[in-house]
Every structure is written in structure tokens, then in C-alpha cells.
Amino acid sequence: MKSVTFSEIERVRKGPHRPFPTSPAQRLTLLGLSLVVGLPALVLTFHLIDPTAPLGYIVVPVLLGGLLPTVARTFPGRFEVTTRFSACHLVGTLDDAMERLGYTLDERGPGTVRYCMHAARWPAWKSGDITVTVRDHMLEVTGPMRTLRALRSQLSC
-12 MKSVTFSEIE
-2 RVRKGPHRPF
8 PTSPAQRLTL
18 LGLSLVVGLP
28 ALVLTFHLID
38 PTAPLGYIVV
48 PVLLGGLLPT
58 VARTFPGRFE
68 VTTRFSACHL
78 VGTLDDAMER
88 LGYTLDERGP
98 GTVRYCMHAA
108 RWPAWKSGDI
118 TVTVRDHMLE
128 VTGPMRTLRA
138 LRSQLSC
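Counting with my numbering, you get residues -12 to 144 for the letters of the sequence shown.
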């Protein structure tokens, strides 16, 4: 697919924008630093508040909270697929890629295509749906970031 280009996958923010470092290396360094410094500080603070509490009751919840950033891959995101030809010709390729990822066509309307998950892979309170907006020479794909990464790698082959 030499006439197709993919944008970077970016997170869709639904609330107020918080300034984050733009470089992935800076974000990873900031996350690592906050985990290395923040988690022991939380354990120490909770232990000082209640010294009689078993250490396991403090350490386990703090560590589980520290693992919360790994869930960030399920946050909503988006990317764009730009083509030199009409983008509606890519929808068939997109259908095949989505089927390989375990999605089925849910709704097809003028300018939009919606896919939903076959199995109960996502909890009911999370939307695992993929929405594609078809424009003249561009497809805008929105959905969970983990699925978008897999879809992008499927389409780029």
C-alpha cells in the first residue's frame, strides 16, 4: 500500500487537556520516576498513618494502583489513514482486517462504518467499538488504543 499513509495514534481526550510531555521517552521517564518515588512514599505515608496495619494491606493496594497506567492502552484513541485515491475503496480492506481482529460490522451508513466485538472481550461499561469516518481521501478511525495499534499493524502489511 504505497499510496496509503497512517498518522500516529493519538489519545482522544474527553475532559480538560492536561499538559504532558510530547516525547514518548519523556513520558516513560516521568512515569518511571513517579512510580519509583511515588509508590514508596505512599506506602510510608499509609504506614505512618496507621502503624498497626499489616504491611500487606498497604503494599498490595498501592502496587495495584501503580499498575493502573498499564490500563492506558484501553483509553480511546484515533488515527487517520490518508490515500491518494478515494477512501471508500479502503473500506473492504478495513472490513477484512477488522474481521481478523474479532470484530463484526455493526452499522454502515453514509460516511460512517461501525464495528463491534464478537465475543465479550470488553466489559460492558467500556466501549470496545471501532468507528470509522469516511471522507474523500481519508479514513478517521476511533476506538480503544490497543485495538487501534493492532489494526494499524494489520493494515500496514
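Glycine residues also receive a C-beta, built at the ideal position from the N, C-alpha and C atoms.
Identity of the residue in Arg133, His76, Val24 and Gly115 nearest Val49 by Cα: Val24
Alpha carbon of Ser10 to alpha carbon of Thr16, nearest angstrom: 10 Å
Minimum length 4: unbroken alpha helix (DSSP H) runs contained in the stretch -8 to 51: 11 to 36
Cα-Cα separation, Ser73 to Val121: 9 Å
Beta-carbon proximity check, Glu(-3) vs Glu67, cutoff 7 Å: no
Own chain, CB closer than 7 Å to Ala137, minus 5 neighbours either side, in chain order: Leu88
Span of the alpha helix (DSSP H) around Leu81: Val78 to Arg87
Local conformation of Gly64 per DSSP, three classes: strand
Euclidean distance between Cα positions of Gly52 and Ile36: 19 Å
Residue environment, Tyr102, which counts as buried when at least 16 other CB atoms sit within 10 Å: buried
Leu31 Cβ short of 6 Å to the ligand ZN heavy atom set: With respect to small molecules bound, the structure shown includes none, and the ligand ZN cannot be examined in it.
Beta-carbon proximity of Thr70 to His34, cut-off 7 Å: no
Cβ-based burial, Leu81 [other Cβ within 10 Å; buried from 16]: buried
Where Thr129 falls: helix, strand or coil (DSSP): strand
Distance CB(Leu135)-CB(Gly79) smaller than 7 Å: no
The beta strand (DSSP E) enclosing Gly96, as first and last residue numbers: Tyr90 to Gly96
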